[in-house]
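In what follows, a structure is listed as structure tokens, so that the remarks can point back to it.
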Amino acid sequence: MTDHSATRSMFDPTLLRPAIVDSFKKLTPRTQFRNPVMFCVYVGSILTTILWLAALFGQAEAPAGFILAVTLWLWFTVLFANFAEALAEGRSKAQAASLRSAKKDVMAKKLNEPHPKAPIRIMTATDLRKGDVVLVETGDTIPADGEVIEGVASVDESAITGESAPVIRESGGDFSSVTGGTRVLSDWIVVRVTVNPGEAFLDRMIAMVEGAKRQKTPNEIALTILLVALSIVLLLATATLLPFSMFAVEAVKAGHVVTITALVALLVCLIPTTIGGLLSAIGVAGMSRMMQANVIATSGRAVEAAGDVDVLLLDKTGTITLGNRQASAFVPAPGVTEEALADAAQLASLSDETPEGRSVVVLAKQRFNIRQRDMAALHPVFIGFSAQTRMSGVDLADREIRKGASDAVKAYVEARGGRYPAEVNNVVTEVARRGSTPLVVAEKGEHGARVLGVIELKDVVKGGIKERFAELRKMGIKTVMVTGDNRLTAAAIAAEAGVDDFLAEATPEAKLATIRAHQSEGRMVAMTGDGTNDAPALAQADVAVAMNTGTQAAKEAGNMVDLDSNPTKLIEIVEIGKQMLMTRGSLTTFSIANDVAKYFAIIPAAFASTYPQLRVLDVMHLTTPASAILSAVIFNAIIIVMLIPLALKGVKYRPIGAASLLRRNLLVYGLGGIILPFPCIKLIDMVIAACGWA
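Each step along the sequence shown adds one to the number in this note's numbering, with nothing skipped, and position 304 is 292.
Structure below.
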């Protein structure tokens, strides 16, 4: 993974200093108005500041020291909320700065026509336009995003993906897309530019990770509306308390009217300032975590949609299976032991460097512990695979061993006077019917040629993938395997992998129809793709993850790009999206719950002089009304700072269903939000009293 996705500690001085400065820059009315809940605190801070200044000139409704203390902590509340947002944005800006450093001015070899021998015009990359054709040779930096239209080359994409191993880019197929800023290591390619300046993939990456440019997501907007409505209700309720207090004092000719400072403190403590101050930081941090996973999301909407996904469409090859055929079983012919077949198959595969050949050697070791051969004594002559013979093997001092396609081995055995058993032919048919690949092994010795048996090669299901699907099922997410295999093969692999459903013999039209069918049922669908034929389905899916190695059409159709081009990343993307939603829900629950505790602290203190009976609610037995109000305001400010790490890191992800998640939130963050303020406010009150400020 590259530096741009590295995780930075929130205590990194390079992040803290700019965040502190930005906290003060965000004190402008226009910036504060974007967050209605914190705007109430902002206005309250200004109001108490005016009251403090009035108290200095003898027009005091309360002691000037008390008003000043409340005022300072109200401003701290605003600053702490600004700091949380600035810190989250700072992490994203640091990632963007790292990406900008990868951009450099390069020269391009523009061709007048798409041919490597056409006349070349040297120009800067910034002068290139969509549709231009450029030649990129060994050692050259690719000047702009585009598609290879001629040639094949090895390309170093480590500046973008962080992967040091070079990749092959060639014209045609699903590996023709190239990214500006990467470098050709060998050979040459002719590239047609597909973007104009400022629209390149690197430019879009920088814009995407800039927290300051993040748009609010639909769920965030809905939650903001709810918080605003709750704040308005509490604002109206608080505003009516002053005339009630004045009426009560006038009626009984006793007590004191509640102060405006106390009412402002009451409002700030009762509105959901905790989640209001952290809401933006949670959203920015969600996109930042996606970037840390080497995934570029086009917007916060895509990240949020990932959290709402309940259907995953997953390609079989490379996602559910390893993608390379692996030896899975030895099926001996009549009269041959399985160990004898494994021994011969391993001998024939010792020089085979293909994944299939290596897997035969490994399977023989695992099943029968066949290892440490004295090859020098056997005088082996290895026979490589060829398209003509469709066999490979080894000639030893006393025998020949061959493995390959069934018809090729059959011809080999019969040409040497041997017999091809009908039982072996049946095994070959059965293996092929299951979607696996049969390799037949035969030998020629002193007594002629004979068939030893069949090696079954299959695309092996990845270890642990079944457990991952079980976790997704617990979360209410349906998994659908997409494959071009026939239904029988697809059903067998689907059962082994533990997916909920499968789409066999998949075509682009079938994928698109499947997505639309699930969406018509009100489901959110996610899928991955890398080819041009995936583009229609990617464009239709709610969360569409395009592989960075894929075509330009796939990237443009998707709303996320996986720089690692790892199809299994889709599962991680869903987990990051759900973690963001879980974090938002958990902190909202906590914020609303801890307002209940602050009610018991501040209501008796503010109105005890007007309504002495309210002293029964003073369950914390705080020192004085002033210290009670101040303690609640201080706690209200400090809790925002204490929750910043959780907002940025996210609530720990657990694969549980919605009902279980709700119970957990109510137990941990609901009950915790009610209980935690009591000892904290009491402790703050004790410190204030010990310092003589009560």
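We put the CB at the ideal spot given by N, CA and C, even for glycine.
- By the Cβ-count criterion, V240 is exposed, with fewer than 16 other Cβ atoms from all chains shown falling within 10 Å of its own Cβ.
- Per the coordinates, the alpha-carbon of T495 lies some 9 angstroms from the alpha-carbon of D522.
- Relative to the Cα of A485, the nearest Cα in the group L224, T307 and E411 belongs to T307.
- Note on M608: 16 or more other CB atoms within 10 angstroms of its CB, so buried under the neighbour-count rule.
- When C-alpha distances from L223 are compared across S233, N207, T539 and C257, the shortest belongs to C257.
- Between the alpha carbons of V350 and G186 lies a gap of roughly 51 angstroms.
- For secondary structure counted as the beta strand (DSSP E) over 3 or more consecutive residues, the stretch 416 to 469 holds these complete runs in sequence order: 425 to 433 and 436 to 449.
- Where D530 is concerned, there is no enclosing beta strand (DSSP E), because DSSP gives it neither an H nor an E.
- With contact defined as three or more Cβ pairs closer than 8 angstroms, the stretch 526 to 534 and the stretch 545 to 556 are in contact.
- When C-alpha distances from I622 are compared across A393, T261 and D0, the shortest belongs to T261.
- For the options L558, A482, L266 and A501, the alpha carbon positioned closest to that of G517 is the one of L558.
- Put simply, of G32, A72 and A69 the residue whose alpha carbon is nearest the alpha carbon of I55 is G32.
- Counting C-beta pairs with one atom in each stretch, the stretch 658 to 669 and the stretch 610 to 624 have three or more that are closer than 8 angstroms, which means they touch.
- Straight through space, the alpha carbons of Q540 and V183 are spaced by roughly 10 angstroms.
- Under the DSSP assignment, I676 falls in the alpha helix (DSSP H) whose first and last residues are P665 to A678.
- About 15 angstroms separates the Cβ atoms of V166 and G127, ruling out a contact at the 8 angstroms cut-off.
- In the structure shown, the three-state DSSP call for V136 is strand.
- CA-to-CA, the gap between S579 and G78 works out to about 24 angstroms.
- Of the other Cβ atoms in all chains shown, 16 or more fall within 10 Å of the Cβ of F588; this residue is therefore buried.
- Collapsing the DSSP output to three states places V401 in a helix.
- Here K432 has R387, E388 and R404 as same chain residues with Cβ atoms under 7 angstroms from its own Cβ, once five neighbours each way along the sequence are excluded.
- Put simply, the backbone Cα of D296 is about 8 angstroms away from that of G565.
- Between I108 and A294 the beta-carbon gap is near 45 angstroms, outside 8 angstroms, which marks them as no contact.
- If you ignore the 5 residues before and after L255, its C-beta comes within less than 8 angstroms of the C-beta of C28, G32, L222, L223 and T226, all in its own chain and listed in chain order.
- If you look at S508, you'll find it in the alpha helix (DSSP H) that goes P496 to S508.
- Partner residues in the beta bridge of K97, as assigned by DSSP, are I110 and L123.
- With contacts defined as CB atoms closer than 9 angstroms, E145 and A269 fail to qualify as a contacting pair.
- Excluding its 5 nearest sequence neighbours in each direction, G345 has C-beta neighbours in its own chain below 7 angstroms: S337, listed in chain order.
- DSSP lists R157 and D175 as the beta-bridge partner residues of A141.
- When DSSP reads this structure, Q314 sits in a beta bridge with K446.
- With respect to I220, G168 sits apart: the two C-beta atoms are not nearer than 9 angstroms.
- Two segments are said to touch when three or more pairs of C-beta atoms, one from each, lie closer than 8 angstroms; by this definition the stretch 391 to 410 does not touch the stretch 453 to 466.
- With respect to the C-alpha of V415, the residue from G406, L440 and H435 having the closest C-alpha is L440.
- The alpha-carbon separation between Q280 and P643 amounts to approximately 21 angstroms.
- Collapsing the DSSP output to three states places A514 in a strand.
- Sequence-distant partners of A393 (beyond 5 residues in either direction) whose C-beta falls short of 6 angstroms from its own C-beta, in its chain, are R378.
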